[in-house]
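Below is one structure, written out as structure tokens; the observations come after it.
In UniProt numbering, the protein residues as written are 1 to 423.
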């Protein structure tokens, strides 16, 4: 095992796993911390946790346990993967998890690189941008769990961690990997623990990947994965068919959308114009024990449609706020997650084998409910969003972070079926 990745949610795990496969690494994704006896034949293993928004100590415990499993398998380099929008307020969890992983490895220095330019996430002078907007001015400022109100990665990292941050500017990066390595050494001599790296394009990420070759623990989004994978190219076999195992099969499909991100709202709106769709009633989730059965019956009557039926809890910021004010943010969120969990199980029982899911939390709930322990990584539908197939070959899933993909994502995902449509 060359590279071990600890991802803080399910869609983030498939995101980085897709990039690793695209760059020649045989990659398996495991859901949750594996048993000690489990053996995996792969160049890279991605362990997906549900630690992005849980209590800090729980996130630390899960992450260290995942690290120890990877260490026990002789892993050579480690990657802590979080969202490209750095979903972590001043109370954690990115800083505390990074500190705990460094301590476990006996290290004191890492880099922080959430940038994913192909999806509009760039870092300039230490500030994170979403396309042309500062993070704090983007739709992420209204995130229901981790509202992002600061765009400075240095300030955010310093606020939630024990160490200090320093900047590696884009000017330094453009002088090549040797220049970046020298800057790393300067920061270390100043007892800086976290190198916040600029990245405006994929070339910057390639340079950073080369510079990070000897760093034991790397942290960031999925963008840096391609550069790191290239470091191992001399040790990789021919991986031209690595994606084939992860292609979806010809079987009934359904689309679930639990994300309320700006892009998912657009995707749902576009898809509703061409496919059967059902909007979830949060009050019914909370109060009507028969509600899941009612929605299940609706889905079953639409499985033969040309495009898979959509069941969605996606709402714009104002509607979401109104729902949370009426029912409580936690109660409404848990009710919707429980709804998707029960619905997924019922649909699997009746032969649905392809699940397209939007939203990190929703993806995690669906994956756990379907008892999927691990995936083979398949072709990318959009940057950072591959099709994956369960290790037993029974189920295929497309697990999408909220803001990933373009507005036609749900239709594009179905173009990978052996024949388009559900007929």
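By construction, the Cβ of each residue, glycine as well, lies at the ideal position given by its N, Cα and C atoms.
Remember, it's a predicted structure, so these values are computed and weren't measured experimentally.
Burial state of residue i (16 or more Cβ within 10 Å)
{"i": "residue 418", "result": "exposed"}
{"i": "residue 68", "result": "exposed"}
{"i": "residue 209", "result": "buried"}
{"i": "residue 322", "result": "exposed"}
{"i": "residue 39", "result": "exposed"}
{"i": "residue 29", "result": "buried"}
{"i": "residue 416", "result": "buried"}
{"i": "residue 138", "result": "buried"}
{"i": "residue 376", "result": "buried"}
Residue i to residue j span [Cα, whole Å]
{"i": "residue 156", "j": "residue 188", "result": "20 Å"}
{"i": "residue 60", "j": "residue 146", "result": "18 Å"}
{"i": "residue 50", "j": "residue 275", "result": "31 Å"}
{"i": "residue 34", "j": "residue 6", "result": "12 Å"}
{"i": "residue 256", "j": "residue 192", "result": "43 Å"}
{"i": "residue 313", "j": "residue 281", "result": "8 Å"}
{"i": "residue 424", "j": "residue 80", "result": "Limits of the chain in this structure are 1 at one end and 423 at the other, which puts residue 424 out of reach."}
{"i": "residue 249", "j": "residue 378", "result": "12 Å"}
{"i": "residue 396", "j": "residue 235", "result": "29 Å"}
{"i": "residue 195", "j": "residue 184", "result": "7 Å"}
{"i": "residue 263", "j": "residue 132", "result": "15 Å"}
{"i": "residue 423", "j": "residue 337", "result": "For residue 423, the pLDDT reaches just 40, beneath the cut-off of 50, and the residue's location in the model is therefore unreliable, although a value from the coordinates is still provided. If you take the alpha carbons of residue 423 and residue 337, they lie about 29 Å apart."}
{"i": "residue 299", "j": "residue 24", "result": "38 Å"}
{"i": "residue 118", "j": "residue 266", "result": "19 Å"}
{"i": "residue 346", "j": "residue 296", "result": "7 Å"}
Nearest-angstrom beta carbon gap, residue j and residue i [assumed within contact, 8 Å]
{"i": "residue 402", "j": "residue 340", "result": "Rounded, the Cβ-Cβ distance is 15 Å, inconsistent with contact."}
{"i": "residue 253", "j": "residue 173", "result": "Actually they are not in contact, since the Cβ atoms of residue 253 and residue 173 sit about 42 Å apart, beyond 8 Å."}
{"i": "residue 47", "j": "residue 17", "result": "10 Å between Cβ atoms; not a contact."}
{"i": "residue 228", "j": "residue 78", "result": "The Cβ separation is near 11 Å, so there is no contact."}
{"i": "residue 487", "j": "residue 19", "result": "Any question about residue 487 goes unanswered here, given that the chain covers just 1 to 423."}
{"i": "residue 358", "j": "residue 412", "result": "With 8 Å as the limit, residue 358 and residue 412 do not qualify as a contact, their Cβ atoms being about 13 Å apart."}
{"i": "residue 45", "j": "residue 4", "result": "6 Å"}
Any non-hydrogen atom of the ligand NAD closer than 7 Å to residue i Cβ
{"i": "residue 287", "result": "As far as ligands go, the structure on display features none, and thus does not contain the ligand NAD."}
Bridge partners - residue i, DSSP secondary structure assignment
{"i": "residue 81", "result": "7, 220"}
{"i": "residue 426", "result": "As displayed, the chain neither begins before 1 nor continues past 423, which places residue 426 out of reach and without an answer."}
{"i": "residue 400", "result": "358"}
{"i": "residue 45", "result": "4, 28"}
{"i": "residue 126", "result": "Partner(s): none; residue 126 has no beta bridge."}
{"i": "residue 116", "result": "121"}
{"i": "residue 312", "result": "257, 279"}
{"i": "residue 197", "result": "168"}
{"i": "residue 111", "result": "195"}
{"i": "residue 133", "result": "130"}
{"i": "residue 92", "result": "89"}
Proximity test, Cβ basis, 8 Å: residue i and chain D
{"i": "residue 321", "result": "Among the chains in the structure shown there is no chain D, since it carries only a single protein chain."}
Inset, instruction - Count the CB pairs spanning the region 111-125 and the region 66-80 that are closer than 8 Å, and state whether there are at least three. - result: no
Legend entry - the region 364-371 in contact with the region 400-412 per 3-pair CB rule at 8 Å: no
Legend entry - Segment contact flag, the region 372-388 with the region 3-21, C-beta cutoff 8 Å, min 3 pairs: They touch, by the three-pair rule.
Inset, instruction - Report yes or no: do three or more beta-carbon pairs, one from the region 196-204 and one from the region 121-128, lie closer than 8 Å? - result: yes
Legend entry - At least three beta-carbon pairs within less than 8 Å, the region 219-228 to the region 76-87: yes
Inset, instruction - Answer yes if the region 89-106 comes into contact with the region 176-188, meaning at least three C-beta pairs across the two stretches below 8 Å, and no otherwise. - result: Segments in contact, no.
Legend entry - Three CB pairs or more closer than 8 Å across the region 157-175 and the region 283-297: no
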